[in-house]
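**Q** To start, I am sharing the structure in question, which I have written as structure tokens.
Residue numbers (my numbering): 1 to 251.
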């Protein structure tokens, strides 16, 4: 029945989840061995900037509505759930009741990427690697590229525009998370805070566009009461990790 077709589509849509995790580990990543004295193995080194930059470029594609929006012509394949065919933990989660929520699907996929890429520990590693090598990729550059590829991007297609809006709100929340996080280098807080100010200034030039003004409001609220900030939960990605692999962390 068509009512379960969306469940069949879940693993196809999130097919990139493990490649995304692996690619994110290259950004701010280390190439290391568990070496012992005398075995002539290299102990550790930072992944070179070229590889990190290529990894970042690949990850940014997963934050682009053009790339991750479910094609408009496929949406008629996913009707409201029929009685007796309830959603399970392996189904898409959404905000539209019985109807298929295409915006939340893309939002969930993007949030997965952001959780890996803007993980607080990764952000602190980017600070450290930049301090050791001025030519290396740094947190400022990463955040600039993320914002340029998302919040500052425009689209003339209404569907893609709204998918991108959902993605952009998650970018904003992850920036706030870094700006207010207590378990990172203070430089992470400082850089993320400055980037939020830059984003706010850019949004104010958007001729009172509704989503731009909403983002400005949320940034202002964060600046006024940072201790009250909590990341608003995004619909959870459906289960799908291989058996025995549910304990991994996005480091």
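C-beta: ideal position from N, C-alpha, C; glycine also.
This one's a predicted model, so the numbers in the text were calculated from it and none came from an experiment.
1. Please classify residue 2 as buried or exposed, where buried requires at least 16 other C-beta atoms within 10 Å of its C-beta.
2. On the DSSP bridge assignment, give the partners of residue 32 in chain order.
3. Could you work out which residue in 163, 140 and 158 is closest to residue 150 when comparing CA atoms only?
4. How far does the alpha helix (DSSP H) with residue 91 in it extend, from its first residue to its last?
5. Buried or exposed: residue 94, going by 16 or more other Cβ atoms within 10 Å of its Cβ?
6. Pull up the CB-CB distance for residue 59 and residue 24, whole angstroms please, since I reckon it's below 8 Å.
7. Is residue 53 near the ligand MN, with its Cβ less than 7 Å from a heavy atom?
8. What did DSSP end up calling residue 17 once you bin it into helix, strand or coil?
9. Buried or exposed: which applies to residue 138, given that a residue is buried once 16 or more other Cβ atoms fall within 10 Å of its Cβ?
10. Would you say residue 115 faces chain D, with C-beta separation under 8 Å as the test?
11. Check whether the stretch 4 to 18 touches the stretch 67 to 81, taking contact to mean three or more Cβ pairs, one atom from each stretch, closer than 8 Å.
12. For the alpha helix (DSSP H) that contains residue 112, what are its first and last residues?
13. Kindly list the residues whose CB is nearer than 6 Å to the CB of residue 173, restricted to its own chain and excluding five residues on each side of it in sequence; keep chain order.
14. Closer than 8 Å is the cut-off here; do at least three beta carbon pairs connect the stretch 109 to 125 with the stretch 171 to 189?
**A** Working from what's here:
1. In the chain shown, residue 2 corresponds to position 2, counting from 1. Answer is exposed; the Cβ neighbour count stays below 16.
2. Along the chain shown, read from residue 1 onward, the residue named residue 32 stands at position 32. Per DSSP, 44.
3. Your numbering for residue 150 matches position 150 in the chain shown. Looking at the Cα atoms, 163 is the closest of the given residues.
4. Here residue 91 refers to the residue found at position 91 of the chain shown. First-last for residue 91: undefined, no H or E at that position.
5. Start at 1 with the first residue of the chain shown, and residue 94 comes out as number 94. That one is buried.
6. Against the chain shown, residue 59 aligns to sequence position 59. Against the chain shown, residue 24 aligns to sequence position 24. Yes, residue 59 and residue 24 are in contact; Cβ-Cβ is about 6 Å, under 8 Å.
7. Ligands in the displayed structure: none, and consequently the ligand MN is not present.
8. Translated into the one-based positions of the chain shown, residue 17 becomes position 17. Helix at residue 17.
9. Here residue 138 refers to the residue found at position 138 of the chain shown. Buried is the call here.
10. Any reference to chain D falls outside this structure, which holds one protein chain only.
11. yes
12. Here residue 112 refers to the residue found at position 112 of the chain shown. 102 to 117 is the span of the alpha helix (DSSP H), which, as asked, contains residue 112.
13. By one-based count along the chain shown, residue 173 stands at place 173. If we look at residue 173 and ignore the five residues flanking it on each side, its Cβ neighbours are 231.
14. yes
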